[in-house]
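Colleague: First the structure, which I've put down as structure tokens, then a few questions once you've had a look.
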Amino acid sequence: MPALLRIGTAAALFVLLAPAQDFSKIAIELVGKNFDFTEGPAWSKDGFLIFSDTVSGKLWKWAPGSGAAVFREPSNGASGNAFDSQGRLYTCETRSRRVTRTNMKDGRIDVLADAFEGKKLNAPCDLAVSKSDHVYFSDPAFGSQQDRRELDFYGVYHLPPKGPLKLVARSASRPHGVAISPNGRVLYVTDADERNVRAYDIDHNGDTSGERVLVARTDGIPGGLKVDEKGELYVATTKGIAIYSADGKPVHTIEMHDRPSDCAFDPQGTWLYVTARGFLYRIRLDGKQ
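The numbering of the sequence shown is my numbering, which starts it at 4 and goes up by one.
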């Protein structure tokens, strides 16, 4: 049975875990609050975290010791974020229905994708960028986003560094979170309607094949996810952070009082940053206090 950890909203809690885990204890800390709905945490190699407050239309920048400051407003309903090998920021903009890239040196914003086969995208939600700068993103539609759809399907897309936008998967159910394995050979996508995690093989050109269900049923509706250096999947669900092995077996569950939407590791893999409703948390993973 997977170990279960229940976490409240106190600023810092230290909890002993089951012996089967690789670490004896973890710590959770509240590092940001008073947001509307946080999403899309992503770490820059320059030592700061970018995350979205989707409802308020802001992108926030958080750094250890200095807290959060507005990075961009308006953000066009920014949701998922990711950085590439050059330190450029990629963002899913749900209201403008596009994926953009920000040059962090001069602030220039380029639109990378806003349509497929002549029709506007639904509402890009989450994305991941490979080490060779191939971009993969989900395009569901939630709530009122359904009313303005031009496409008759929900999609997962691949945007190569050069060349046109490619369709990875066409679905009647809504994909959400997107992540890539440490070796860059597997793409993972959560499905909010079917409550599963799918996997796709990635070849040397960045193209995908071999679609399969890796996790048949998540405990709670899945959102964003990340993969650690061991290949374990950390999936933000309405029940908490569900951790699965690389072959899809449940490992642990960290329950949280506030429903997490997404998560991101810092570059050292010491902390897992979690966006949850109006809050930003971080969970220490190395067992130190």
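Even for Gly, the Cβ is constructed at its ideal location relative to N, Cα and C.
#1: Quick one: what's Leu-1 bridged to in DSSP?
#2: Within a Cβ cutoff of 8 Å, which residues of the same chain sit near Asp-196, ignoring the five residues on either side of it in sequence?
#3: Once DSSP output is grouped into helix, strand and coil, what is the label at Gly-50?
#4: By the DSSP assignment, the beta strand (DSSP E) with Gly-70 in it spans what residues?
#5: Using the Cα positions of Ser-82 and Trp-274, report the straight-line distance between them to the nearest angstrom.
#6: Does DSSP put Gly-158 in a helix, a strand or coil?
#7: Name the residue from Lys-229, Gly-35, Tyr-139 and Ala-249 whose alpha carbon lies nearest to the alpha carbon of Pro-270.
#8: For Asp-39, which residues of its own chain have a beta-carbon under 8 Å away from its beta-carbon, when the five flanking residues on both sides are left out?
#9: Keeping to the same chain, check which residues put their C-beta closer than 7 Å to that of Asn-106; ignore five residues upstream and five downstream.
#10: Which two residues bound the contiguous beta strand (DSSP E) that contains Thr-221?
#11: Put Asp-150 into one of helix, strand or coil per three-state DSSP.
#12: Let me make sure I understand the geometry here. Which of Asn-37, Thr-211 and Ser-174 has the alpha-carbon closest to that of Leu-190?
#13: Pick helix, strand or coil for Gly-80, following the three-state DSSP scheme.
#14: Which runs of the beta strand (DSSP E) spanning at least 3 residues fall entirely within the stretch 179–218, listed in chain order?
#15: What is the residue span of the beta strand (DSSP E) that Pro-225 lies within?
#16: Taking Ala-116 as the reference, which of Ala-144, Gly-68 and Leu-168 has the closest Cα?
#17: Let me check understanding here. Comparing Cα to Cα, which of Arg-104, Cys-95 and Tyr-237 lies closest to Asp-250?
#18: Given a cut-off of 9 Å on the beta-carbon distance, is the pair Gly-35 and Leu-288 in contact?
#19: Rounding to the nearest angstrom, what Cα-Cα distance links His-179 and Pro-143 in this structure?
Modeller: Reading from the atomic positions:
#1: The requested residue 1 does not occur in the structure, where the chain is confined to residues 4 to 292.
#2: Here residue 196 refers to the residue found at position 193 when the sequence shown is read from its first residue. Answer for Asp-196: Ser-176 and Arg-177, listed in chain order.
#3: As a working note, residue 50 is residue 47 in the sequence shown. Under the three-state reduction of DSSP, Gly-50 is assigned to coil, being neither helix nor strand.
#4: On the sequence shown, residue 70 is found 67 positions in, with the first residue counted as 1. Unbroken beta strand (DSSP E) run through Gly-70: 70–75.
#5: Within the sequence shown, residue 82 is the residue found at index 79, counting from 1. Within the sequence shown, residue 274 is the residue found at index 271, counting from 1. When rounded, the distance between both Cα atoms is 21 Å.
#6: Here residue 158 refers to the residue found at position 155 of the sequence shown. DSSP, reduced to helix, strand and coil, places Gly-158 within a strand of the structure shown.
#7: Locating residue 270 in the sequence shown gives position 267, counting from the first residue. Out of Lys-229, Gly-35, Tyr-139 and Ala-249, the CA that lies nearest to the CA of Pro-270 is found in Lys-229.
#8: Walking along the sequence shown from the start, residue 39 turns up at place 36. Only residues of its own chain outside the window of five on either side were considered, and among them Asp-56, Thr-57, Val-58, Ser-59 and Gly-281 have a CB closer than 8 Å to the CB of Asp-39, listed in chain order.
#9: For the purposes of this step, residue 106 is taken as residue 103 along the sequence shown, with counting starting at 1. Here the set comprises Arg-91.
#10: Working through the sequence shown from its first residue, we reach residue 221 at position 218. No residue range can be given for Thr-221, since it is assigned to no beta strand (DSSP E) and is classified by DSSP as neither H nor E.
#11: Sequence index remark: in the sequence shown, residue 150 carries index 147 (1-based). Helix, per DSSP.
#12: Walking along the sequence shown from the start, residue 190 turns up at place 187. The candidate whose alpha carbon is nearest that of Leu-190 is Thr-211.
#13: Taking the first residue of the sequence shown as position 1, residue 80 is located at position 77. It is coil, neither helix nor strand.
#14: Those beta strand (DSSP E) runs which fall completely within the stretch 179–218 and span 3+ residues are 189–194, 199–205 and 211–218.
#15: Here residue 225 refers to the residue found at position 222 of the sequence shown. That run of the beta strand (DSSP E) goes 225–230.
#16: Position 113 of the sequence shown, counting from 1, holds the residue named residue 116. Selected option, being the one with the closest Cα: Leu-168.
#17: Position 247 of the sequence shown, counted from the start, is the residue given in the question as residue 250. When only C-alpha atoms are compared, the closest one is Tyr-237.
#18: The residue labelled residue 35 in the question sits at position 32 within the sequence shown. The residue labelled residue 288 in the question sits at position 285 within the sequence shown. Going by C-beta atoms, Gly-35 is not nearer than 9 Å to Leu-288.
#19: As a position in the sequence shown, residue 179 is number 176, starting the count at 1. As a position in the sequence shown, residue 143 is number 140, starting the count at 1. Roughly 7 Å separates the two Cα atoms.
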